[in-house]
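Participant: This is the structure, below, for whatever I ask next.
Protein chains: 2
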Amino acid sequence: MTPAIAQEGTGTSGGNMDVTTQIESFGACQAVTDMLSRVGDKWSMQVVMKLGEEPRRFNELRRAVDGISQRMLTRTLRNLERDGLVSRTVTPTVPPRVDYALTDLGRSLWMPVAELSRWVLENRVVIEAARAQYDLTIE
Amino acid sequence: MTPAIAQEGTGTSGGNMDVTTQIESFGACQAVTDMLSRVGDKWSMQVVMKLGEEPRRFNELRRAVDGISQRMLTRTLRNLERDGLVSRTVTPTVPPRVDYALTDLGRSLWMPVAELSRWVLENRVVIEAARAQYDLTIE
DNA sequence: CTGGATCCTATTGGATACTG
DNA sequence: CAGTATCCAATAGGATCCAG
Numbered sequence: 001m002t003p004a005i006a007q008e009g010t011g012t013s014g015g016n017m018d019v020t021t022q023i024e025s026f027g028a029c030q031a032v033t034d035m036l037s038r039v040g041d042k043w044s045m046q047v048v049m050k051l052g053e054e055p056r057r058f059n060e061l062r063r064a065v066d067g068i069s070q071r072m073l074t075r076t077l078r079n080l081e082r083d084g085l086v087s088r089t090v091t092p093t094v095p096p097r098v099d100y101a102l103t104d105l106g107r108s109l110w111m112p113v114a115e116l117s118r119w120v121l122e123n124r125v126v127i128e129a130a131r132a133q134y135d136l137t138i139e
Numbered sequence: 001m002t003p004a005i006a007q008e009g010t011g012t013s014g015g016n017m018d019v020t021t022q023i024e025s026f027g028a029c030q031a032v033t034d035m036l037s038r039v040g041d042k043w044s045m046q047v048v049m050k051l052g053e054e055p056r057r058f059n060e061l062r063r064a065v066d067g068i069s070q071r072m073l074t075r076t077l078r079n080l081e082r083d084g085l086v087s088r089t090v091t092p093t094v095p096p097r098v099d100y101a102l103t104d105l106g107r108s109l110w111m112p113v114a115e116l117s118r119w120v121l122e123n124r125v126v127i128e129a130a131r132a133q134y135d136l137t138i139e
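Order-wise, the sequence lines are chains V and Z.
Reminder that position 81 of the first sequence reads as 81 in full-length UniProt numbering, one-by-one numbering, no gaps.
Reminder that position 9 of the second sequence reads as 9 in full-length UniProt numbering, one-by-one numbering, no gaps.
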């Protein structure tokens, strides 16, 4: 497995290029899509949001994220941890205690996601209306 | 319970509440997740990006988005159209001509997505490193 | 309490053939 | 050209049982 994405002197903080140009620069479009997929799955964002409020233990998190199965919570946390967005701290007591929290990277993701959240909140009604309209004209 | 995130007010539009509060206000968390799922699938963002450059016809789009199958391009466009993000204009000539373009709503989505794109571009190296590190320590 | 392992179903996406 | 229809493979996700 080669994670190796050609990471040349990536525009540290971009700076003067507009985003479109940046994206087309070196196949980063794919990276963006990948990240959206990662964070766009069924549970990741809800977990990140809950951890954004405060660090939580496994079962706390399970209760906080409504409807998530144990398996999916574990898998979601593992993915987020692997990406460096969430930290996992084990206290080897009996019974064991495991604390999850956002890392600095995870918190930094929070901001652009918050912008996206704002967009959704501002446009959800329009979107719902568009869907209803579309569904009408189709049938 | 306080959001660990400094929200820096931003309020690009209408929002006087901070995003965390908004999100928790009325189960919008789910709406955000839904939208991320919609836009986070394998092709939606790439299509939106290409249409953000300029309106395109079906097969133009197909060539522009590398690797997409005809079926998935159709489905992706239908979803985006249903959400009101993309417009579809049919010119009933022979052969038929169908033009796709971003709507105003679609273009407005482009901005927060650009922020997310910027974040990905700025942090992809860190993420790749985190993954490599994680993959090492587990095996 | 925190998960790993297993089994099963649903959804996603690709390949191909066909049509107005 | 711009799709639709069908079949198939891969993946995501849920339920359940087991273990340290």
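Here a beta-carbon is modelled for each residue, glycine too, at the ideal position from N, C-alpha and C.
Quick caveat: nothing in here was measured; it's all calculated off a predicted structure.
Hey, would you say residue 86/Z sits closer than 8 Å to residue 106/Z, going by beta carbons?
Facilitator: Looking up residue 86/Z in the second sequence gives position 86. Looking up residue 106/Z in the second sequence gives position 106. Yes, the Cβ-Cβ distance between residue 86/Z and residue 106/Z is below 8 Å.
Participant: Measure the C-alpha to C-alpha separation of residue 84/Z and residue 43/Z and round it to an integer number of angstroms.
Facilitator: Looking up residue 84/Z in the second sequence gives position 84. Looking up residue 43/Z in the second sequence gives position 43. When rounded, the distance between both Cα atoms is 17 Å.
Participant: Secondary structure at residue 130/Z, three-state DSSP: helix, strand or coil?
Facilitator: Along the second sequence, one-based indexing puts residue 130/Z at 130. Reduced to three states, the DSSP call for residue 130/Z is helix.
Participant: Report, in whole angstroms, the separation of the C-beta atoms of residue 112/V and residue 102/Z, which I expect to be a contact under 8 Å.
Facilitator: As a first step, residue 112/V is located in the first sequence; it is residue number 112 there, counting from the start. As a first step, residue 102/Z is located in the second sequence; it is residue number 102 there, counting from the start. Contact flag wrong, Cβ pair sits at about 20 Å.
Participant: List, in order along the chain, the chain Z residues whose C-beta lies closer than 7 Å to that of residue 40/V?
Facilitator: The residue labelled residue 40/V in the question sits at position 40 within the first sequence. Those within 7 Å of residue 40/V in chain Z are 36, 37, 39 and 40.
Participant: Check for me: the alpha helix (DSSP H) holding residue 61/V runs from which residue to which?
Facilitator: Position 61 of the first sequence, counting from 1, holds the residue named residue 61/V. It spans 58-64 - the alpha helix (DSSP H) in which residue 61/V sits, taken as one unbroken run.
Participant: Sort 48/Z, 35/Z and 32/Z by Cα distance to residue 73/Z and report the nearest one.
Facilitator: Against the second sequence, residue 73/Z aligns to sequence position 73. Of 48/Z, 35/Z and 32/Z, the smallest CA-CA separation from residue 73/Z is found for 48/Z.
Participant: Quick one: Cα of residue 119/Z to Cα of residue 52/Z, how far?
Facilitator: The residue you call residue 119/Z lines up with position 119 of the second sequence. The residue you call residue 52/Z lines up with position 52 of the second sequence. Computed Cα separation, rounded: 19 Å.
Participant: According to the neighbour-count rule (16 or more other Cβ atoms, all chains shown, within 10 Å of its Cβ), is residue 50/Z buried or exposed?
Facilitator: Along the second sequence, read from residue 1 onward, the residue named residue 50/Z stands at position 50. Residue 50/Z should be labelled buried.
Participant: So which residues of chain Z does residue 45/V contact, with C-beta pairs closer than 8 Å?
Facilitator: Reading the first sequence from its first residue, position 45 is the one you call residue 45/V. Within 8 Å Cβ-Cβ: 29, 32, 33 and 36.
Participant: Is residue 90/Z close to chain V? Criterion is C-beta to C-beta, closer than 8 Å.
Facilitator: For this step, residue 90/Z is matched to residue 90 along the second sequence. It does not: the Cβ of residue 90/Z has no partner Cβ on chain V nearer than 8 Å.
Participant: Checking 8 Å against the spacing of the C-beta atoms, do residue 82/V and residue 98/V come in under that value?
Facilitator: As a working note, residue 82/V is residue 82 in the first sequence. As a working note, residue 98/V is residue 98 in the first sequence. The answer is no: Cβ separation not under 8 Å.
Participant: Select from the region 89-116 of chain V all residues with a C-beta closer than 8 Å to any C-beta belonging to chain Z, and list them in chain order.
Facilitator: Taking 8 Å as the Cβ-Cβ cut-off against chain Z, the residues of the region 89-116 of chain V that qualify are 102, 105, 107, 108, 109, 110, 111, 112, 113, 114, 115 and 116.
Participant: Note down, in chain order, all residues in the region 121-132 of chain Z with a beta-carbon under 8 Å from any beta-carbon belonging to chain V.
Facilitator: 121, 122, 123, 124, 125, 126, 127, 128, 129, 130, 131 and 132
Participant: If we count the other Cβ atoms within 10 Å of its Cβ and call it buried at 16 or more, is residue 123/Z buried or exposed?
Facilitator: Position 123 of the second sequence, counted from the start, is the residue given in the question as residue 123/Z. Looking at its Cβ environment, which holds 16 or more other Cβ atoms inside 10 Å, residue 123/Z is buried.
Participant: Counting along the chain, where does the alpha helix (DSSP H) carrying residue 48/Z start and finish?
Facilitator: To locate residue 48/Z, count along the second sequence from 1; it is residue 48. Here the alpha helix (DSSP H) through residue 48/Z covers 44-53.
Participant: Roughly how many whole angstroms lie between the Cα atoms of residue 70/V and residue 56/V?
Facilitator: Position 70 of the first sequence, counting from 1, holds the residue named residue 70/V. Position 56 of the first sequence, counting from 1, holds the residue named residue 56/V. Rounded to whole angstroms, residue 70/V to residue 56/V spans 15 Å at the Cα level.
Participant: Taking DSSP as the reference, what is the three-state secondary structure of residue 83/V?
Facilitator: Taking the first residue of the first sequence as position 1, residue 83/V is located at position 83. In this structure, residue 83/V counts as coil in the three-state DSSP scheme.
Participant: Where residue 59/Z and residue 133/V are concerned, what is the direct C-alpha to C-alpha distance, given to the nearest angstrom?
Facilitator: The residue labelled residue 59/Z in the question sits at position 59 within the second sequence. The residue labelled residue 133/V in the question sits at position 133 within the first sequence. Taking the straight line from one Cα to the other gives about 27 Å.
Participant: What separation, rounded to the nearest whole angstrom, lies between the Cα atoms of residue 139/V and residue 130/V?
Facilitator: Here residue 139/V refers to the residue found at position 139 when the first sequence is read from its first residue. Here residue 130/V refers to the residue found at position 130 when the first sequence is read from its first residue. The straight-line gap from Cα to Cα measures roughly 14 Å.
Participant: Roughly how many angstroms lie between the CA atoms of residue 121/Z and residue 94/Z, to the nearest whole one?
Facilitator: Here residue 121/Z refers to the residue found at position 121 of the second sequence. Here residue 94/Z refers to the residue found at position 94 of the second sequence. In a straight line, the C-alpha of residue 121/Z is about 43 Å away from that of residue 94/Z.
Participant: Can you tell which of 91/Z, 127/Z, 40/Z and 90/Z has its C-alpha closest to the C-alpha of residue 76/Z?
Facilitator: For the purposes of this step, residue 76/Z is taken as residue 76 along the second sequence, with counting starting at 1. Checked all of 91/Z, 127/Z, 40/Z and 90/Z; the closest Cα to residue 76/Z is 40/Z.
Participant: Note the first and the last residue of the continuous beta strand (DSSP E) segment covering residue 41/V.
Facilitator: Indexing the first sequence from 1 puts residue 41/V at position 41. It is not in any beta strand (DSSP E) - residue 41/V carries neither H nor E in the DSSP assignment.
Participant: With DSSP run on the structure shown, which of helix, strand or coil describes residue 98/Z?
Facilitator: Sequence index remark: in the second sequence, residue 98/Z carries index 98 (1-based). Here residue 98/Z sits in strand by DSSP.
Participant: Between 80/V, 29/V and 36/V, which lies nearest to residue 104/V when the distance is taken from Cα to Cα?
Facilitator: Here residue 104/V refers to the residue found at position 104 when the first sequence is read from its first residue. Considering only alpha carbons, the answer is 80/V.
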